[in-house]
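Undergrad: Residue numbers for the sequence shown follow this note's numbering, so the first one is 1 and each next one is one higher.
The following block contains the structure, expressed as structure tokens.
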Amino acid sequence: MIEKKNNPNNSKLSKKDFLKWIKTAEKSPTMYLEKFNEKWEEKNGKF
């Protein structure tokens, strides 16, 4: 599992939304690291 709780970008998501998103990502059999990182950046408004 990728540790994201120490990432300062977490503040852009509510804790509830972040945890829900992580649980969904962890359950997805097609969530590769690259896709995870891409989604993480999208959620944090970097794109």
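Note that the Cβ used here is the ideal one computed from N, Cα and C, for glycine as well.
Using a threshold of 8 angstroms, state whether the C-beta atoms of residue 18 and residue 25 are closer than that.
TA: no
Undergrad: By the three-class DSSP mapping on this structure, what secondary structure does residue 37 have?
TA: Note: residue 37 maps to helix in three-state DSSP.
Undergrad: Less than 8 angstroms between CB atoms is the rule here; does residue 41 satisfy it with respect to chain B?
TA: Of the chains in the structure shown, none is chain B; there is only one protein chain.
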